[in-house]
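Worksheet for the structure shown next.
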Amino acid sequence: MNICFSFLKMMMFVFNGVIFLGGLALLGIGIWVKVDGDSFEKILGVAAPQMMLLLHVGYLCITVGSILFIMGFLGCWGAVKESRCLLLVVSDLQKDLAVDRMWVL
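Here you go:
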């Protein structure tokens, strides 16, 4: 039984770590777009012209990246500390965001 709980703890840490890193990447891209859009435009103009729309959604990238960053951090911390309170907060936030997302669609 202990192996099962250790595996679940590790998987929660890994999945929340992926969310954390994705939020960090999105936050970094959003800040980069807003601070130095010209260099971002040079790179994306050559690689993928259709990605130029990212220049107009920099604040959205910052907002979504920040939310994912915080949720991933709290989830990782809750998994490592085995804090029921933190894990319930993260679960509730994810549930609330999923329900709000469904209303948008």
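Just so we're on the same page, the numbering used here is the position in the sequence shown counted from 1, plus 17.
All C-beta atoms, glycine included, are put in the ideal place defined by N, C-alpha and C.
query: Shortest alpha-carbon distance to residue 98 belongs to which of 88, 20 and 26?
result: The count along the sequence shown starts at 1 and reaches residue 98 at position 81. For the residues 88, 20 and 26, the minimum Cα distance to residue 98 belongs to 26.
message: Which same chain residues end up closer than 7 Å to residue 122 when comparing Cβ atoms and leaving out the 5 residues on each side of it in sequence?
response: Residue 122 sits at position 105 when you count from the first residue of the sequence shown. Any reading at residue 122 is ruled out, since the residue's pLDDT is 48, under 50, leaving its predicted position unreliable.
query: Where do the ends of the alpha helix (DSSP H) carrying residue 23 lie?
result: Locating residue 23 in the sequence shown gives position 6, counting from the first residue. Counting along the chain, the alpha helix (DSSP H) containing residue 23 begins and ends at 19-52.
message: Rounded to whole angstroms, what is the Cα-Cα separation between residue 75 and residue 53?
response: One-based indexing of the sequence shown puts residue 75 at position 58. One-based indexing of the sequence shown puts residue 53 at position 36. Their backbone Cα atoms lie some 11 Å apart in a straight line.
task: To the nearest angstrom, report how far apart residue 56 and residue 81 are at their CA atoms.
output: Counted from its first residue, the sequence shown places residue 56 at position 39. Counted from its first residue, the sequence shown places residue 81 at position 64. Distance between the alpha carbons of residue 56 and residue 81: 22 Å.
message: Helix, strand or coil, according to DSSP, for residue 74 in the structure here?
response: Position 57 of the sequence shown holds residue 74. Looking at residue 74 - three-state DSSP - the assignment turns out to be coil, as it is neither helix nor strand.
message: Spatial neighbours of residue 43 within its chain, please: C-beta separation below 7 Å, excluding the five flanking residues on both sides.
response: Taking the first residue of the sequence shown as 1, we reach residue 43 at position 26. Excluding sequence neighbours, residue 43 sits near 78, 81, 82 and 85.
- prompt: Can the beta-carbon of residue 40 be found less than 8 Å from the beta-carbon of residue 92?
  reply: Counting from one through the sequence shown, the residue named residue 40 turns up at place 23. Counting from one through the sequence shown, the residue named residue 92 turns up at place 75. Result no, Cβ atoms of residue 40 and residue 92 do not sit closer than 8 Å.
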